[in-house]
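A quick write-up on the structure given underneath.
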Amino acid sequence: MDNRVEKFLLISIDCWRYDALSRTNPTLCTPKFDLVTQDFSFADRFFVTAPATRPSHTSLFTGLYPFEHGLYGQTYLKMFDQIQNLFQIFDQAGYRTLARSQRPDVFRFLDFESYITLLDPNAKQQHLGSLENFLEALKSPEESPQFCFLHLWYTHGGYGMGGVRSSPNLQQLVHQGKTEEALKFYYAAATHVLEFMLVEILKSLPLDEWAIFIFGDHGEGFCDEVMAHGDNLHQNVIRVPLLVNIPKTDQLVFPEDAPVSMIDLFPTILNLAELNI
Numbered sequence: 091m092d093n094r095v096e097k098f099l100l101i102s103i104d105c106w107r108y109d110a111l112s113r114t115n116p117t118l119c120t121p122k123f124d125l126v127t128q129d130f131s132f133a134d135r136f137f138v139t140a141p142a143t144r145p146s147h148t149s150l151f152t153g154l155y156p157f158e159h160g161l162y163g164q165t166y167l168k169m170f171d172q173i174q175n176l177f178q179i180f181d182q183a184g185y186r187t188l189a190r191s192q193r194p195d196v197f198r199f200l201d202f203e204s205y206i207t208l209l210d211p212n213a214k215q216q217h218l219g220s221l222e223n224f225l226e227a228l229k230s231p232e233e234s235p236q237f238c239f240l241h242l243w244y245t246h247g248g249y250g251m252g253g254v255r256s257s258p259n260l261q262q263l264v265h266q267g268k269t270e271e272a273l274k275f276y277y278a279a280a281t282h283v284l285e286f287m288l289v290e291i292l293k294s295l296p297l298d299e300w301a302i303f304i305f306g307d308h309g310e311g312f313c314d315e316v317m318a319h320g321d322n323l324h325q326n327v328i329r330v331p332l333l334v335n336i337p338k339t340d341q342l343v344f345p346e347d348a349p350v351s352m353i354d355l356f357p358t359i360l361n362l363a364e365l366n367i
């Protein structure tokens, strides 16, 4: 029997903390998301290679650490030369590639930049945009092998609070020892992404055909050592959720005594597609 996977969807949630998920935080109320992902495998010890969006995603798409691909931090512009990435590999293998982001300019100057476009090309502000265009593109043509990527920015710093009257200074709340109060605003943004956006996407796909990986590109500090992300390798920043659905496969068993890294997704995905490089 041919177990080769021909449809892939990678969903990256920016700033997705390890505890912004009901499996690790029962106070998070996401009943619909929990239902549509109830058969997904969960990696309890999943770590990213960098505390920032650009180097973390570059590790995802190349399977390399920052010192190997050239992006040592968020402000580094260019990758090292002659490094293959998943978009190029799948494109050359005949897969249809589809990649959308609420903030595609964050990938500027990277080798895979040209593949990633706006989530909703008709929306002036992406957080006010529609999923309809992406869903239509995702499901058509149904017969072709596909490699798809979605990057959601709504959970990034600000957490959807822009323009909200009398919104508090979250860093000040943390410094005052009111971390749980500050986190409520962050959790609200994460809940919006999981309970509305991802539910609408996942419920529209036949899970027995799609390999789906949902993960954070990094977390968010909300502590005395680090408030946001980008500079420090803090537990709150580099440990993130990973949910996985593999067609025709029962629950995956992740190692209990060793971490799983962002770079592990690269060979895993190529192995599922039976592609050699």
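The opening position of the sequence shown corresponds to residue 91 in our numbering, with each subsequent residue numbered one higher.
A virtual CB, placed ideally from N, CA and C, is assigned to each residue, including glycine.
No experiment lies behind these values; they were computed from the predicted model shown.
When you compare the CB positions of residue i and residue j, do they come within less than 8 Å of one another, or not?
i    : j    : result
L284 : T120 : yes
L200 : T148 : yes
F224 : F151 : no
F123 : L176 : no
I173 : L154 : yes
A301 : N335 : yes
K338 : N93  : yes
T127 : L333 : yes
Y277 : L118 : yes
V196 : R255 : no
What's the gap between the Cα of residue i and the Cα of residue j?
i    : j    : result
Q164 : K274 : 27 Å
V344 : L99  : The residue asked about is misnamed: residue 344 is Phe in this sequence, not Val. So the alpha carbons of these two residues sit roughly 20 Å apart.
R329 : E96  : 29 Å
E158 : R135 : 23 Å
S234 : S351 : 30 Å
L161 : L242 : 21 Å
Q215 : D347 : 43 Å
V316 : D340 : 38 Å
G311 : K229 : 36 Å
H308 : P231 : 32 Å
C105 : I367 : 31 Å
T114 : Y185 : 35 Å
M91  : F132 : Note that M91 scores a pLDDT of 42, beneath 50, so its modelled location is shaky and nothing firm can be said.
P349 : F137 : 7 Å
Q261 : G252 : 15 Å
A213 : E222 : 12 Å
F356 : P194 : 21 Å
I267 : I179 : In the sequence under discussion, the amino acid at residue 267 is Gly, which differs from the Ile named in the question. Distance between the alpha carbons of G267 and I179: 48 Å.
M169 : D181 : 19 Å
R198 : Y244 : 19 Å
F130 : S204 : 31 Å
H324 : L297 : 34 Å
E290 : H282 : 11 Å
D171 : E271 : 46 Å
L167 : P156 : 12 Å
D314 : N259 : 15 Å
F303 : I103 : 11 Å
H246 : L365 : 34 Å
Kindly indicate which three-state DSSP category residue i falls into: helix, strand or coil?
i    : result
Q216 : helix
I173 : coil
F157 : helix
R190 : strand
I367 : coil
T148 : helix
L125 : helix
N93  : coil
T207 : strand
L360 : helix
V316 : coil
Y335 : Sequence check: residue 335 is Asn here, not Tyr. Looking at N335 - three-state DSSP - the assignment turns out to be strand.
W106 : coil
F344 : coil
F180 : helix
V350 : strand
T99  : The question names Thr, but residue 99 in the sequence shown is Leu. Of the three classes helix, strand and coil, the one that applies to L99 here is strand, per DSSP.
V138 : coil
F197 : helix
Since residue i and residue j are thought to touch, with beta carbons under 8 Å apart, how far apart are those beta carbons, to the nearest angstrom?
i    : j    : result
Y249 : A227 : Going by Cβ atoms, the distance from Y249 to A227 rounds to 28 Å, so no, they are not a contact pair.
S83  : I206 : Summary: the structure shown does not reach residue 83, with the chain confined to residues 91 through 367, and so no result is reported for it.
V327 : P141 : 4 Å
L240 : I353 : Rounded, the Cβ-Cβ distance is 20 Å, inconsistent with contact.
At a cut-off of 7 Å, is residue i close to the ligand ZN when judged by its beta-carbon and the heavy atoms of the ligand?
i    : result
N326 : Of the ligands one can find in the structure shown there are none, so the ligand ZN has no counterpart to examine.
From the beta carbon of residue i, is the nearest beta carbon of chain D less than 8 Å away?
i   : result
V95 : Looking at the structure shown, chain D is missing, and only one protein chain is on hand.
What are the uninterrupted segments assigned as alpha helix (DSSP H) that are 4 or more residues long and contained completely in the stretch 210 to 288, given in chain order? Fully enclosed alpha helix (DSSP H) runs of no fewer than 4 residues occupy 222 to 228, 260 to 265 and 269 to 282 of the stretch 210 to 288, in order along the chain.
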